[in-house]
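Note that my numbering has the sequence shown beginning at 1, numbered continuously upward.
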Amino acid sequence: MDVHITYIERLMEMLAAKTKQRLDNKGFIAMEIEISEGITKKYLYESMYLKTKKARESGIETVPLNQSKLDVLAQYLGAKSFIVLCDQLDKERSPVLMSCLGNYYCYVRRNAEIGVVMRSPVRIIEKNNTIWFELQGPTWLYAGEMLLKNGCLFICMRATGGKEIHHVYKIGFREQPPVMQGIFSGVSTVFEPIGGRTVLIRTQEDFTKLENLELKIADMKRSKDKEQRRLAEYFLSYETNNLKIKPVTTFTVDDLGNGK
Numbered sequence: 001m002d003v004h005i006t007y008i009e010r011l012m013e014m015l016a017a018k019t020k021q022r023l024d025n026k027g028f029i030a031m032e033i034e035i036s037e038g039i040t041k042k043y044l045y046e047s048m049y050l051k052t053k054k055a056r057e058s059g060i061e062t063v064p065l066n067q068s069k070l071d072v073l074a075q076y077l078g079a080k081s082f083i084v085l086c087d088q089l090d091k092e093r094s095p096v097l098m099s100c101l102g103n104y105y106c107y108v109r110r111n112a113e114i115g116v117v118m119r120s121p122v123r124i125i126e127k128n129n130t131i132w133f134e135l136q137g138p139t140w141l142y143a144g145e146m147l148l149k150n151g152c153l154f155i156c157m158r159a160t161g162g163k164e165i166h167h168v169y170k171i172g173f174r175e176q177p178p179v180m181q182g183i184f185s186g187v188s189t190v191f192e193p194i195g196g197r198t199v200l201i202r203t204q205e206d207f208t209k210l211e212n213l214e215l216k217i218a219d220m221k222r223s224k225d226k227e228q229r230r231l232a233e234y235f236l237s238y239e240t241n242n243l244k245i246k247p248v249t250t251f252t253v254d255d256l257g258n259g260k
């Protein structure tokens, strides 16, 4: 599996702390004896430590590693698996998550053939020792905790009226990204499951001054503002940006198509 080097660096630090060894030749020999379970000094040094160090120096973000061996190391550290350990590391107050604090505009394409992009004010704040995502819609305020997992931001928002929206944004390990691309899912006003692409763009304006707006893609394409033209290009295609299911009448496979 391809693993981001930041996870491997943290894993090595945790192994060094638990075994009370340094990350050097003598330390890796001691770790091999302590951990056993097929984990060798050669694997710790060459496949993990040295490979990660070279990747960091070369600007490479991920390295390929054996998942079963990573699971053994994670279990030695008290986690059920390496994936679970990564989730635990993500839940720590990471600088990536903290760097997202601020105000944004959220853009989605209206779920219709007509080319309209809906813009909504967003702010990401600290609340009750958590990172909170708030999206102001035309009628309701949607809010929910924002979590960092596997290089993505996960948000489940709920409005005072009970409606829910889910957003997932790719961020990796980039701090303070000015633009983030993501996916949204939810339910339409006629109670149909819908989904599609969404974009977050950071703004320095005060949240109270941000406004909801409906933007015609045709007008955005002619704008003198590069940001507007890029958004028009991104949201131009209805098929690329919006998802919906077929009409449900029988709840059988016949709803999926009419071919023989």
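Glycine included, each C-beta is placed from N, C-alpha and C at the ideal position.
Remember, it's a predicted structure, so these values are computed and weren't measured experimentally.
Residues N241 of the same chain have their beta carbon placed closer than 6 Å to that of R197, with the five preceding and five following residues left out of the count.
Annotation note: the segment 69 to 108 contains the following uninterrupted alpha helix (DSSP H) runs of length 4 or greater, listed N- to C-terminal: 82 to 91 and 95 to 98. With respect to G151, H4 sits close: the two C-beta atoms are nearer than 9 Å. Cα atoms of E37 and V72: separation of roughly 7 Å, rounded to the nearest angstrom. Counting along the chain, D2 sits inside the beta strand (DSSP E) bounded by residues D2 to H4. Contact between I155 and F133 holds: their C-beta atoms lie close to 5 Å from each other, under 8 Å. Scanning its chain for C-beta atoms nearer than 7 Å, with the 5 sequence neighbours on each side dropped, one finds around Y234 the residues V199, in chain order. Of L50, G78 and S58, the smallest CA-CA separation from L65 is found for L50. Taking C-beta atoms under 8 Å as the contact rule, I165 and F184 qualify, at a distance of about 6 Å. For E34, same chain residues with a beta-carbon under 6 Å away, outside a window of 5 residues either side, are T19 in chain order.
Looking from the CA of A55, the closest CA among K42, Y7 and S94 belongs to Y7. With respect to the 9 Å criterion, N212 and G137 are classified as neighbours on the basis of their beta carbons. I131 sits away from L89, with the two beta carbons spaced by 9 Å or more.
At a Cβ-Cβ threshold of 9 Å, P193 and I124 do not count as neighbours. For the options K260, P247 and E239, the alpha carbon positioned closest to that of A112 is the one of E239. S58 carries a helical assignment under DSSP once its states are collapsed to helix, strand and coil.
Between the C-alpha atoms of K69 and M12 there is a straight-line separation of about 13 Å.
For the set N258, R109, L23 and T52, the Cα lying nearest the Cα of K41 is the one of L23. L243 and H167 have their C-alpha atoms spaced approximately 14 Å apart. Judged by DSSP secondary structure, E239 falls within the alpha helix (DSSP H) whose first and last residues are Y238 to N241. Taken in chain order, the whole beta strand (DSSP E) runs of length 3 or more contained in the segment 171 to 228 are 179 to 187, 193 to 203 and 213 to 216. In this structure Y107 is not in contact with L236, their Cβ atoms being roughly 13 Å apart against a cut-off of 8 Å.
Taking the Cβ atoms as the reference, S120 lies roughly 5 Å from L135, within the contact range of under 8 Å. Annotation: the continuous beta strand (DSSP E) that includes A159 extends over C152 to A159.
In the structure shown, G144 adopts extended strand secondary structure according to DSSP, grouped into three states. Linking G182 to G27 through their CA atoms gives a straight-line distance of about 43 Å. Residue range V116 to K127 is occupied by the beta strand (DSSP E) that includes M118. For P247, DSSP records no beta bridge to any residue.
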